Amino acid sequence: MSIKGLISEANQEAVKRMIAAHPALEDIAPAINVIPGMTRKTILHAGPPIEWDNMCSPMKGAIVGALLFEGLADKPDEAWRMAGSGEITFSPNHEHQAVGSMAGVTSPSMPVLVVKNKVHGNYAYQAMDIGNFSGGDYSDQAVKYNMLVRDEFAPILRAAINEAGGVDLKTWMAKAFHMGDELHNRCTGGIALFSRIIMPYLIRTSFEKESLVKVAEYLAGGPPSEWIGIFLSMVSCKAACDAARNVKNSSIVTAMCRNGVNFGIRVSGLGDQWFTAPANTPRGLFYPPYKQEDANPDMGDSAITETRGVGGFIIATAPAITALVGGTARDAVNYTLQMMEITESRDPEFTIPALDFQGTPVGIDVRKVVETGILPIIDTGINHKEAGHPEIGAGMVRPPMDVFSQALRAMGERFG
Amino acid sequence: MGVCLLTDTTHLMGRTLKVINIGIREFLVSLQDQGVEVVQVDWTPPAGGDSEMLEILDRLL
């Protein structure tokens, strides 16, 4: 078979696995109990590999918050010293079957969503960091809220998930897309759906009423509940994309992620190799008093949603999101149509009513990105460039072309 | 000069011209300014004309 034939066959296989994957929420557990390679002094982060000295301010702040949360340091200055001392091992979430939102810090005792891909058997994990560590907030309030999630919310949610026998996340995603979500920055329908699914099982648990009320309120609305939607989406997409890894000869992207300094991708046929380049800064709409000049370069593992063909790729199904990220409903349709130029296939189970139920474009091919010059579109939250702020806005961003050129060059070398 | 040429061509063709502009947008703007109906096709050279990338794409795509 020709080289082109080998690659084509491999890409079809990689995308077939991605589409066929069936993520299900099985459990919530402490990270150290389930995440491969996690230790008492390991902290995972969003994006490709990066050393402490090179990390951006919000990521450093998030790590400081995590060290305080874990009790490894009692005060912030002690945590800063420890983080820079070499005593803590930093590693990308992606290298441990995990993903994390914004700074994406995952620490040993953080509760993580445990998702199993029921078709291929692989697991994926997402930390329930909603104390605002994600923006580098290491205040007392942020640390205490994450402790509340770990010590009170997570055990109750866990009991409800076990009572339900797990939650089918693939069906959940498909329904959310038909409710106007793209499951990256807009998860409103998905959160309502998840609450509806889990509520009867929450009530059946043996926890006292006041605790159940707190968890129900958390799910029912308010800023913390918005995070559960993106968490469920990201970890589902990670489970699907990991199933497509290591298909020999494939040029399909299996990870896109950012650490606030660099953008990184991994490609199915190129194994564990990272391709990185300086990240661009998202442009969009900002919550007052924040402005464009406050924005940090692109950050987070949430681009796993676009890698899976949702988020910015399925944005035609979520016109309401333009009120958050800017642009028009027509722009949203055009983004999805444009992504069809750089992808291998359409997902028959994640369909777009506004496009006569066409499947979302899925399977980013590095060859097509370089050939057309069309970069993947990502709609994303935006962090402040200094630690200690909540998310300051949302907008659109594209990766640097260099990561795809590097990957194509590596494929060229692979085939001599 | 451009307007005169277009007028002559229109008389020659016996009908109003509809134009497809491929690539450089300045031509699009110029035609629109003259009230000409024109469709823009966004086209760029493959791989931005990068010869190294083109060589690899030739083998792999």
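Taken in sequence, the protein lines are chains A and B.
Under the working numbering, think of the first position of the first sequence as 1, with each following residue one higher.
Under the working numbering, think of the first position of the second sequence as 417, with each following residue one higher.
Just so you know, even glycine gets a beta-carbon here, dropped at the ideal spot from N, CA and C.
Remember, predicted model here, so these are calculated numbers, not experimental data.
From the DSSP output, read off the bridge partner residues of A:V64. Per DSSP, none; premise fails for A:V64.
Mind pulling the chain B residues with CB within less than 9 Å of A:M411? I472 and L476
Cβ neighbours of A:R346 in the same chain (closer than 8 Å, five flanking residues each side left out): M340, Q358, G359, T360, P361 and V362
Nearest by alpha-carbon distance to A:R283: which of A:Q292, A:T276, A:A277 and A:F275 is it? A:Q292
Any idea what DSSP makes of A:F350, helix, strand or coil? strand
Validate contact between the stretch 71-90 of chain A and the stretch 21-33 of chain A using beta carbons, cut 8 Å, 3 pairs: no
Would the beta-carbon of A:E152 fall within 8 Å of that of A:R204? no
For B:L470, the first and last residue of its enclosing alpha helix (DSSP H): S467 to L476
Please name the residues in the stretch 2-17 of chain A whose beta-carbon is closer than 8 Å to at least one beta-carbon of chain B, in chain order. I3, K4 and I7
In whole angstroms, give me the CA-to-CA distance for A:K116 and A:I197. 18 Å
So the alpha helix (DSSP H) A:A277 belongs to, where does it begin and stop? No alpha helix (DSSP H) contains A:A277, which is instead part of the beta strand (DSSP E) from F275 to P278.
A:E51 versus A:A255: straight-line alpha-carbon distance, rounded: 20 Å
Cutoff 8 Å: B:T380 Cβ touching any chain A Cβ: Any property of residue 380 of chain B remains undetermined from this structure, which presents chain B solely from 417 to 477.
Starting from the beta carbon of B:G464, find every residue of chain A whose beta carbon is closer than 9 Å, and list them in chain order. V370, G373 and M401
Considering only the beta carbon of each residue, do A:T106 and A:L44 sit closer than 8 Å? yes
Please indicate yes or no: does the CB of A:K118 lie closer than 7 Å to some heavy atom of the ligand NAP? With respect to the ligand NAP, the structure offers nothing, as it holds no ligand at all.
Measuring CB to CB, does A:L113 end up less than 8 Å from A:Y123? no
Beta-carbon neighbours of A:L285, restricted to chain B and to distances below 7 Å: Chain B residues near A:L285: none, gap ~26 Å exceeds 7 Å.
With A:A46 and A:N259 assumed to form a contact (beta carbons below 8 Å), what rounded beta-carbon distance in angstroms separates them? 6 Å
Between A:L157 and the rest of its own chain, which residues show a CB-CB distance below 7 Å, the 5 nearest in sequence each way excluded? I28 and V215
B:C420 to B:A463 span [Cα, whole Å]: Because the pLDDT at B:C420 is just 43, under 50, the model does not fix this residue reliably, and the value given afterwards should be weighed accordingly. Their Cα atoms are separated by approximately 38 Å.
Looking at chain B, is there any beta carbon in it that lies within less than 8 Å of the beta carbon of A:L408? yes
Beta-carbon within less than 6 Å of A:I3's beta-carbon, same chain only, minus the 5 sequence neighbours each way: which residues are those? F415
Neighbour list for A:S398 in chain B, Cβ cutoff strictly below 9 Å: Contrary to the premise, residue 398 of chain A reads as Arg rather than Ser in this sequence. The contacting residues do not exist; A:R398 stays about 14 Å from chain B at best.
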